[in-house]
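Trainee: Pasting a structure here, questions to come.
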Amino acid sequence: MADTGVVEILLKRIEAVDGGVDSQDVATALSVDHQVVVGAVKSLQSLGDIISAEQRSSKHWELTGEGQETAEKGSHEARVFNSIPDEGLAQSELMKLPSGKVGFSKAMSNKWIRVDKGHEGGPRVFRMVEKIDDSVQDKLVQIQKGIADEVDEKEKNELKKRKLLTEVTVKSYWMTKGPSFSTTITKQEAELTPEMITSGSWKQKSFKPYNFEALGVALDCGHLHPLMKVRTQFRQIFLEMGFTEMPTNNFIESSFWNFDSLFQPQQHPARDQHDTFFLSDPAISRDFPLEYLEKVKKVHSEGGFGSQGYKYDWKIEEAQKNILRTHTTAVSARMLYKLAQQGKFTPVKYFSIDRVFRNETLDATHLAEFHQIEGVVADYGLTLGDLMGILHQFFTKLGITKLRFKPAFNPYTEPSMEIFSYHEGLKKWVEVGNSGVFRPEMLLPMGIPEGVSVIAWGLSLERPTMIKYGINNIRELVGHKVNLQMVYDSPICRLDS
Ligand code: FB9
0 MADTGVVEIL
10 LKRIEAVDGG
20 VDSQDVATAL
30 SVDHQVVVGA
40 VKSLQSLGDI
50 ISAEQRSSKH
60 WELTGEGQET
70 AEKGSHEARV
80 FNSIPDEGLA
90 QSELMKLPSG
100 KVGFSKAMSN
110 KWIRVDKGHE
120 GGPRVFRMVE
130 KIDDSVQDKL
140 VQIQKGIADE
150 VDEKEKNELK
160 KRKLLTEVTV
170 KSYWMTKGPS
180 FSTTITKQEA
190 ELTPEMITSG
200 SWKQKSFKPY
210 NFEALGVALD
220 CGHLHPLMKV
230 RTQFRQIFLE
240 MGFTEMPTNN
250 FIESSFWNFD
260 SLFQPQQHPA
270 RDQHDTFFLS
280 DPAISRDFPL
290 EYLEKVKKVH
300 SEGGFGSQGY
310 KYDWKIEEAQ
320 KNILRTHTTA
330 VSARMLYKLA
340 QQGKFTPVKY
350 FSIDRVFRNE
360 TLDATHLAEF
370 HQIEGVVADY
380 GLTLGDLMGI
390 LHQFFTKLGI
400 TKLRFKPAFN
410 PYTEPSMEIF
420 SYHEGLKKWV
430 EVGNSGVFRP
440 EMLLPMGIPE
450 GVSVIAWGLS
460 LERPTMIKYG
470 INNIRELVGH
480 KVNLQMVYDS
490 PICRLDS
C-alpha cells in the first residue's frame with residue numbers, strides 16, 4: 000500500500016474540488032516526488048472505482064543550468080560589456096574572460112561595444128553606450144518567477160536555441176471522484192487466513208480482487224535456448240512415432256563414414272575444402288571394418304551389387320581423412336552397418352538431431368554449422384509412397400499439412416525428393432527439407448539384405464526455430480552476438496500451433 004498519508008490527503012483534495020486535481024500540483028504542494036503521488040494513485044486504482052485518473056501530459060519552460068547562471072549574473076554579452084573599463088580592454092585579454100568568446104560577438108551585434116583595430120598595442124575594445132538593457136537576463140528572471148506568459152514564444156525559442164531554456168513535458172494524472180468515491184479507505188486483505196475463517200472475522204473485512212492477469216514471479220534460474228526447446232519438440236514427435244534416437248556425439252568423422260560409405264565419390268565437389276572442414280590433427284582415421292571397406296572400395300571403383308560403380312581409382316588415403324561431419328547421415332550409415340552386422344535383420348526407425356558443419360558462404364540465414372534433423376526407416380519392401388506417407392505424418396505434427404514433392408538428386412539416395420510446404424503467410428511454397436531412398440550401392444556392401452529398403456529425410460533445426468520465434472537473422476539466434484535476454488524471455492515451444 001502506498002503512503003497512506005498521501006492517499007488520505009489526495010482523497011481530501013479530490014473531495015474538496017468539483018473539477019479535478021493534478022498529481023503534479025499535489026506533489027508540489029506536499030513537497031514530495033511526483034512518483035510518490037503516482038504510487039498513491041495506483042494504490043487507489045487497485046481498490047476499485049474510488050477515483051478516476053487519466054494520464055495527461057503538459058509542457059512548461061525551465062531554465063537550464065546556464066540559464067540560471069544568466070538569470071543570476073546577466074547574459075554573457077552583458078558580462079563582457081561590464082568588464083570593459085573606460086580606457087577600453089585589449090581584445091586578446093577580453094577573449095580570455097569566461098564569457099569572452101560567447102559574449103563578445105553578441106555585444107558587437109547589439110552595438111554595445113566596438114573594436115579599434117588600429118590601436119597601438121593591438122585591437123582594443125571600447126564601450127559604445129553608457130548603459131545597456133540586458134533583456135536576456137530580464138526574460139529569464141520573468142520565466143524563473145513563473146510569469147513565462149509575458150515572454151512571447153519567439154523569444155522563448157530564441158533562448159532555447161541559446162541553451163538557456165528548455166521545454167519540459169510533464170506526465171501527470173488528472174484525478175476526479177470515481178463512482179465509488181469515499182475518503183475513508185478500508186484496508187483490503189490480500190489473503191484469506193485460517194484465523195479469519197475460524198474466528199469469522201472475514202465477514203467484516205474486504206478483500207482485494209484476484210488479479211488473474213498477474214504473471215508469475217520471474218525465477219532467477221537457468222533458461223533453455225530456443226533451439227533446445229524446438230529440438231525437444233522434434234524429439235517428442237519422433238519418439239511418439241516410434242523412432243529411436245541415434246548416438247550422434249561425434250562431431251569429428253572420417254571421410255569414409257561421411258562420404259564413401261554413402262557411395263559419394265571421392266572426387267565429388269562436396270568433399271573438397273571449400274565445402275568441408277578437414278582436421279589437421281588427428282588428420283586421419285585408421286580403424287575401419289576392413290571387409291566392409293573392401294566392398295566399399297570395389298563398389299566405387301568397379302561397381303557390383305547391380306551397379307556399374309564410378310570406375311575411378313578409389314584411394315584409402317582419401318577415405319581416412321578426418322573432417323567435421325557435414326551431415327548426420329554419416330551416423331545413419333554407421334547405425335545401418337551395425338544393424339546389418341547383427342545377423343538377423345529387424346526393421347528399425349532411427350532419428351537424430353545434432354550439429355553438422357559445412358564450409359559454406361555465410362549469410363543472414365546460413366552459418367558454417369547447423370543442426371540437422373534426420374529420420375530413417377528400414378524395412379522390407381518400403382516404397383516412395385511409404386516415404387511420402389511418413390513425411391505427411393511427420394510434418395502434420397509440425398502443423399504443416401500441404402506438402403509437395405519435387406524430384407531432386409542426392410549422391411546417396413535414388414530417387415530423391417525435395418519437400419515443399421505452402422506457407423500461408425508468405426503465400427508461396429517454401430522448401431522444408433530433403434528426402435530419398437538410400438541406394439543399393441550404399442546398403443548392400445553393408446550387408447543389408449536384398450529386399451530391405453531404407454527411406455530417409457532431413458531438415459534443419461534452425462529454420463523452424465527462426466520461424467517459430469520470429470527471428471530473421473541467424474546471428475540473433477546463435478553465436479557470440481546473441482542477446483541472452485532473448486533466451487531468458489523466449490516462450491515455450493509448441494510446434495503444432
Ligand atoms: O529445414 C529446412 N527448411 C525448413 C524446415 C522446417 C520448417 O518448419 C516450419 C515451421 C514449420 C521450415 C523450413 N530446409 C533444409 C530447407 C531450406 O531451409 C534450406 O535452405 C536449408 N537446408 C539445410 C541444408 O542447407 C545447407 C535445410 C537443411 C537441410 C537440407 C537437407 C537435409 C537436411 C537439412 C537432408 C537430408 C537427407 C536427405 C536424404 C536422406 C537423408 C537426409
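Just so you know, numbering that gives the first Met the number 0 puts 95 at position 96 of the sequence shown, and the rest follows in order with no gaps.
Backbone N, C-alpha and C define an ideal beta-carbon position, used for all residues, glycine too.
Return the CA-CA distance between T168 and S56, expressed in angstroms with no decimal places.
Mentor: Between T168 and S56, the C-alpha separation is close to 6 Å.
Trainee: Going by other Cβ atoms of all chains shown within 10 Å of its Cβ, with 16 needed for buried, is C220 buried or exposed?
Mentor: exposed
Trainee: From K396, Q371, L361 and M416, pick the residue whose C-alpha is nearest to that of G384; which is it?
Mentor: M416
Trainee: Thinking C-alpha only, which one of R230, M227 and F276 is nearest I251?
Mentor: F276
Trainee: Looking at the structure shown, is K41 part of a helix, part of a strand, or coil, going by DSSP?
Mentor: helix
Trainee: I'd like to confirm something about A455: is its beta-carbon nearer than 7 Å to some heavy atom of ligand 1, or not?
Mentor: yes
Trainee: Can you tell me whether Q23 is buried or exposed, with buried defined as 16 or more other CB within 10 angstroms of its CB?
Mentor: buried
Trainee: Please report how far the alpha carbon of S74 lies from the alpha carbon of E53, in whole angstroms.
Mentor: 41 Å
Trainee: Check whether the Cβ of Q263 lies closer than 7 Å to any heavy atom of ligand 1, and answer yes or no.
Mentor: no
Trainee: Is N433 near ligand 1 - that is, is its Cβ less than 7 Å away from at least one heavy atom of it?
Mentor: Yes.
Trainee: Can we say the region 352-359 touches the region 462-472, given the rule of at least three CB pairs closer than 8 Å?
Mentor: Proximity of the region 352-359 to the region 462-472 falls short of the contact definition, fewer than three beta-carbon pairs being nearer than 8 Å.
Trainee: Using the C-alpha atoms, what's the distance from V135 back to R113?
Mentor: Using only the alpha carbons, I get a separation of about 20 Å.
Trainee: Distance check for G102 and Q90, CA to CA, integer angstroms please.
Mentor: 12 Å
Trainee: Taking 7 Å as the line, does the beta carbon of K58 fall inside it for any heavy atom of ligand 1?
Mentor: no
Trainee: Expressed to the nearest angstrom, what Euclidean distance is found between the alpha-carbon atoms of K170 and I142?
Mentor: 21 Å
Trainee: Looking only at its own chain, which residues have a Cβ that is under 6 Å from the Cβ of V330, when we skip the five neighbours before and after it?
Mentor: M245, T247 and S351
Trainee: CB K204 to CB M195, shorter than 8 Å?
Mentor: yes
Trainee: Where F242 and G302 are concerned, what is the direct C-alpha to C-alpha distance, given to the nearest angstrom?
Mentor: 33 Å
Trainee: Tell me, please, which residues DSSP counts as bridged to Y349.
Mentor: T243 and V375
Trainee: Return yes when the C-beta of I466 is under 7 Å from any heavy atom of ligand 1, and no when it is not.
Mentor: Yes, the beta carbon of I466 sits closer than 7 Å to at least one heavy atom of ligand 1.
Trainee: Could you compute how far the alpha carbon of G424 sits from the alpha carbon of Y349?
Mentor: 33 Å
Trainee: Taking only runs of the alpha helix (DSSP H) that begin and end inside the region 221-286, which ones reach a length of at least 4 residues, in chain order?
Mentor: 225-239 and 254-257
Trainee: Does any heavy atom of ligand 1 sit closer than 7 Å to the C-beta of T243?
Mentor: Within the chosen limit of 7 Å, ligand 1 does not reach the beta carbon of T243 with any heavy atom.
Trainee: What's the gap between the Cα of P448 and the Cα of E440?
Mentor: 12 Å
Trainee: Should T382 go down as buried or exposed, given a rule of 16 or more other Cβ atoms within 10 Å for buried?
Mentor: exposed
Trainee: Can you give me the start and stop residues for the beta strand (DSSP E) that G215 sits inside?
Mentor: From DSSP, G215 is part of no beta strand (DSSP E); its letter is neither H nor E.
Trainee: In this structure, does DSSP put V20 in helix, strand or coil?
Mentor: In the structure shown, V20 sits in a strand (DSSP, three-state: E or B).
Trainee: Restricting to Cα atoms, I'd like to know which of L218, M94 and W60 is closest to K159.
Mentor: Comparing Cα positions, the closest option is W60.
Trainee: Note down the Cα distance separating F394 from P444, rounded to an integer number of angstroms.
Mentor: Their backbone Cα atoms lie some 32 Å apart in a straight line.
Trainee: Quick one, are the C-beta atoms of L458 and G435 less than 8 Å apart?
Mentor: no
Trainee: From the DSSP output, read off the bridge partner residues of S171.
Mentor: R55
Trainee: Would you say C220 faces chain D, with C-beta separation under 8 Å as the test?
Mentor: This model lacks chain D altogether; it includes just one protein chain.
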